[in-house]
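Structure record follows, encoded as structure tokens.
Residue numbers (my numbering), protein chains in the order written: chain C, 1 to 367; chain D, 1 to 367; chain H, 1 to 367; chain F, 1 to 367.
Following this line, the structure appears as structure tokens:
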């Protein structure tokens, strides 16, 4: 059972290990005629690149993408787009000792159980570098959505216990702090919190929020392929995500129906709108024309310098302290991963939404 | 784009509307040789049947399942298992007026936007009756898992603001109260809360928790088909689910790495275990041999008798008050839906897990 | 691994055994708004119904289809269409002795090897009755294609050594003879051939040809999902089909490039056409706007009354003579199966063809 | 709709154009623990490499494969295997004039119709170089099968009208002539035939036959995913294939049931065998333990130097004569493509065959 391909109409197949030759992705099903160059992809990759602040790993990678196929004279051809990033700064020796024991919170043990052995260098396939392929693929999806006036935007909602305050929310602020938080005060507090965790040789988690604006109503399928269900899979497939919620999410469980229901209203332009958006843009698994709003919970980075208890492959209980270059928090770098995975899932469902009505199909083929 | 099929190796395809002839499911990929009769499925369907308490719809349906194929002399044959439940107590007239307006919190508007029109009788395909096919299919998956000593168990974790207290948790208590809560005190409180909501012509939401015990380590795939990602999709595809979390879930976002990491330990029998289970049984997207523990948040029932604002198809803003027979809370009936969907997703990944290692494949085919 | 679902955008999932309660199919992904009633499906099923001539099994089945979901007020709703045909005239006792041995040319042995045992009544899942679900699903696809001015038509090309002569080809003749041959002379000859085979307690095979007219150019994908590759799978998945060819097919292997290439020409209406159609309407795996023409080879019915050698489950070599009601030739009844499977495959690729170009997607969503 | 991925459990996703940076493939779902190095793949690629005889294109490519992921310390890890071959000898200028007209027998026109424009250099995605990814992926599948004692072997059965004679068939002869024919006499005749076609500035087609030996009985699924149906799709997805047949194939249509049925017999070792193999190793869509034997018909190379009629993009009818370096026959180079695609399809179904029986699943997970 494969599992390295995501999507139904628009698909991505990622490959590559942390300390192999490189990492990459093949995007298939991208419509022909989209203007695309490496710079379109690179600016997304740059947002997840390591080494951007003292809160991220010091591994130094330029992460320069090469597009190897599927683009001709500046436009996509409709055939698969293969993209590749070579690995550069691999300190494999840092990892040699990992081969003999199981790091808590990591996939070392489960890889061994599943496959009988593992590429132990830097997490292998479970490394954060696996997300490079996702981000590159999602960058194309984001460009496709933009050509249809659909925008996807993610940001840090919380770092540990420090949350963005709704009354101070300012989206542009994201770009001004290293934590990608749309609230300068919260960002400052969160930085202090992180400093403390780093001093304690510990790590932190957080929450990413994402908004998709401009989607037409009626995307997603009513039963298993609900828009939110496919989004949940896409987002929960990102390493370290432990929770997903849409609209009011877990809070909805405590609300009364009269509070949670969104009244329909007539918009000035004669279209149907909603007075509120507790639903997060989804009714019955299909987009309702409002913004889709969802959140993902990230666990704290499992690699910590503080001593931990574990076992080695000889069956002995031992104490370890993890070396190597690790992010004390992955949330700021994960923002772009959430954003691009959401873009990819949305683009896939947008393409899938074209076959729902016979009258529109007849019109399409009459051309 | 279809969307009525779930699963990769073990699949279910559901069909049927609330007020059509009936509802059903085709299960494909079930291994040959599983003892199966209608009673095995019926006992799960009985748990979701309406009319079991004053908190559920008064629609009266016996929901008797018929197995039409795939079973011969009491055992599954490996070919598709078709199951059918006829609809009986359809008060379609209750719904005739719904055709003209959009109920808040329902899929009326999104169905119209997607398909151009809709079967307006009782929610059509978005009715709770759609889950009958899921439960019937999941019952087979549960039986398959039991034959491998794997148990799936779901219960009500919270009703509105009333939560099960960990110190009073007693699983057997579930069967003793109508809300399926493993805590008698919380159940009593929750009943009072629901009475209040009903008196207010309002409704409530809640949280379902589910535990899968006995899974081998190594199930799920490291990238997109993570065990938790597939589970998230399965659970978020259930109508009214607005959130999904595994292990510590959203709480993990506030924890330090040193708190959230689970130390590996040696078990008395020489196997590797974990001192805690903050991870909810998943590391790197693969099962780690601990219990898989997850939660789903359900929004309050959108159908409420209290007046609400909405619009009709002529573009007028109107006030409505929903008639018909509706559950003030769907959580107690949704417990078995979560349990069976989880069973189905787990069984699918268990079957998918057989091809990971060459040595085991060689052994398999050497027989 | 399932295997009872065909299609990607438009899917069918069939179920049912020869001697179980019934057979059926769930069609998912059918666009909303297609006028559909049971009669639309029934007229296709009537063409494959047994008992229509002395060359078909005497099993008497009315094969009356019921549509259980997915249609509301005479039009498809976009949700799954479940269709069911009850089994009636089951002479299971005819088959009791089959349980103990393996019929040559049948799937008895392979079922036992795969699943460990089998439903031995009348071929179980490998019975010709399995095609009822295909035909019912394909009838819907054919109606969908008709609404886009696309016609699919199959007929008998050869019975045993007797072939339709190109110079006598007259399509309307099909309906006038029991063998569904578009050539009265060949049909008469073929009837004599079949009488001879029946007198010899033997059986015959044949070839079905099918033409799809009116398809737009550009359907099918350039690599694995070529139009002809998907068609090949659809057609070769019909029981008893041993060969598939498109356009000149096997004959093309003997032609020179200069003979086989079709010159492009300008049509009077200014469109691009082809002077000949050796390609059978496919270039590079995509439709070229010409008629798609393909053929399927059917083996002779394996059930024959003449004595044959085989083995029983005790490992003894024995002589058997097959009883029961069997068609000496299945080709005339298979014509509608080929036609509807082709319609289904074509409709699936037609829907899949809507996402190839960004400009057309932009136009679609701008509406 | 994507279409660049083949397989269900074991998948390959190919990418790359004739005159882009390179071509490649990602193989996902390969079990962990298979010994694999680049040489294992290279020896298959060398068999399809251009420039090996006067009957193949003079384009000079070393076609050296690089494995970029999924292998660690000489063994597959269970994660995706990315392989890449850089393009080298690209004479793009040879193709500049192709941009303005449609070559007969090529995909120029259909690409333009589907995507609105095309990468016109050397056939782009429809070039024979697309098969490099297939061969590389299939080489891994072949190695996997070998580790289970399953052998796949293809050879040239016919070149134009010249067929291998059954009485002179000698498999080892394949390696001794440039046409890969297991019959020295036929090979010599075929060479003369090809010389004549080349002198006439024309081209030839042919037939490839393939045998899979050692497959266990019971592979393939009884309905849509029949072993032969999946094989048909895999083989018909190879460019230039116009026909597929298994066992007696089209000849079966002319046989009587008594001739075509294979009697079951007891083998000396107590297993069940067949006296003949007209079925080509498949009964009811499942392998029966005999050799699987199938054939593929290849059309003559459409690129010929002789003048042909066609149209250009301005709608004018013109005469053209194709330049560039083209094979007068592709069959000898296609042999390895058929062999590796068959290996891949077989390996996929072999892995898929592990979940058919509960008793074997229980045994598997009891370990």
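For every residue, glycine included, the Cβ atom is placed at its ideal position computed from N, Cα and C.
Please tell me whether residue i and residue j are closer than 7 Å, where the distance is taken between their beta carbons.
i, j, result
"residue 53 (chain F)", "residue 257 (chain H)", "no"
"residue 297 (chain D)", "residue 239 (chain D)", "no"
"residue 19 (chain D)", "residue 122 (chain D)", "yes"
"residue 288 (chain H)", "residue 281 (chain H)", "yes"
"residue 34 (chain C)", "residue 171 (chain C)", "no"
"residue 107 (chain C)", "residue 283 (chain D)", "yes"
"residue 142 (chain F)", "residue 77 (chain F)", "no"
"residue 351 (chain F)", "residue 67 (chain F)", "no"
"residue 208 (chain F)", "residue 340 (chain F)", "no"
"residue 148 (chain H)", "residue 365 (chain C)", "yes"
"residue 247 (chain C)", "residue 150 (chain C)", "no"
"residue 162 (chain F)", "residue 190 (chain F)", "yes"
"residue 104 (chain H)", "residue 261 (chain F)", "yes"
Restricting to Cα atoms, I'd like to know which of the options is closest to residue i.
i, options, result
"residue 231 (chain F)", "F:213, F:342, F:123", "F:342"
"residue 96 (chain D)", "D:335, D:166, D:322, D:329", "D:322"
"residue 180 (chain F)", "F:344, F:332, F:43, F:359", "F:332"
"residue 311 (chain C)", "D:42, D:265, D:39", "D:265"
"residue 277 (chain F)", "F:222, F:268, F:211", "F:211"
"residue 302 (chain H)", "H:316, H:293, H:320, H:291", "H:320"
"residue 155 (chain F)", "F:161, F:344, F:174, F:165", "F:174"
"residue 24 (chain H)", "H:36, H:31, H:5", "H:5"
"residue 236 (chain F)", "H:309, H:159, H:192, H:294", "H:294"
"residue 3 (chain F)", "H:226, H:128, H:184, H:233", "H:226"
"residue 359 (chain H)", "F:259, F:262, F:117", "F:117"
"residue 290 (chain C)", "C:217, C:304, C:263", "C:217"
"residue 17 (chain D)", "D:87, D:270, D:79", "D:87"
"residue 272 (chain F)", "H:345, H:348, H:317, H:42", "H:317"
For residue i, I'd like the list of residues in its chain whose CB is within less than 6 Å of its CB, leaving aside the five on either flank, ordered along the chain.
i, result
"residue 27 (chain H)", "12, 81, 137, 140"
"residue 131 (chain C)", "337"
"residue 38 (chain D)", "65, 67"
Is residue i close to chain H? Criterion is C-beta to C-beta, closer than 7 Å.
i, result
"residue 347 (chain F)", "no"
"residue 28 (chain C)", "no"
"residue 109 (chain C)", "no"
Strictly under 7 Å for the Cβ-Cβ distance: is residue i near chain F by that measure?
i, result
"residue 40 (chain H)", "no"
Distance cutoff 7 Å, beta carbons only. Does residue i sit that close to anything in chain D?
i, result
"residue 182 (chain F)", "no"
"residue 6 (chain H)", "no"
"residue 33 (chain F)", "yes"
In its own chain, which residues sit with a C-beta less than 7 Å from the C-beta of residue i, not counting the 5 before and 5 after it?
i, result
"residue 63 (chain D)", "45, 49, 85, 132"
"residue 249 (chain H)", "295"
If we cut at 7 Å on Cβ distances, does residue i have a partner in chain C?
i, result
"residue 68 (chain F)", "yes"
"residue 155 (chain D)", "no"
- Task: Run through the stretch 68-130 of chain H for me and flag every whole alpha helix (DSSP H) of 4 or more residues, listed as ranges in chain order.
- Result: Counting only unbroken stretches of 4 or more residues, the alpha helix (DSSP H) elements lying wholly within the stretch 68-130 of chain H are 108-115, in sequence order.
- For the stretch 122-172 of chain H, which segments carrying the alpha helix (DSSP H) assignment without a break, of at least 4 residues, lie completely within its bounds, in sequence order? Every alpha helix (DSSP H) stretch that sits fully inside the stretch 122-172 of chain H and reaches 4 residues is listed by chain position as 131-146.
- Item | In chain order, each beta strand (DSSP E) run of at least 3 residues that lies wholly inside the stretch 173-218 of chain D | Listed in chain order, they are 206-213.
- Query: At what residue ranges does the stretch 257-284 of chain D contain a whole run of the beta strand (DSSP E), taking only runs of 3 or more?
  - Reply: The qualifying runs are 264-266, 272-274.
- Message: At 4 residues or longer, what runs of the alpha helix (DSSP H) sit wholly inside the stretch 323-359 of chain D?
- Response: For the stretch 323-359 of chain D, whole alpha helix (DSSP H) runs of length 4 or above, ordered along the chain, are 331-352.
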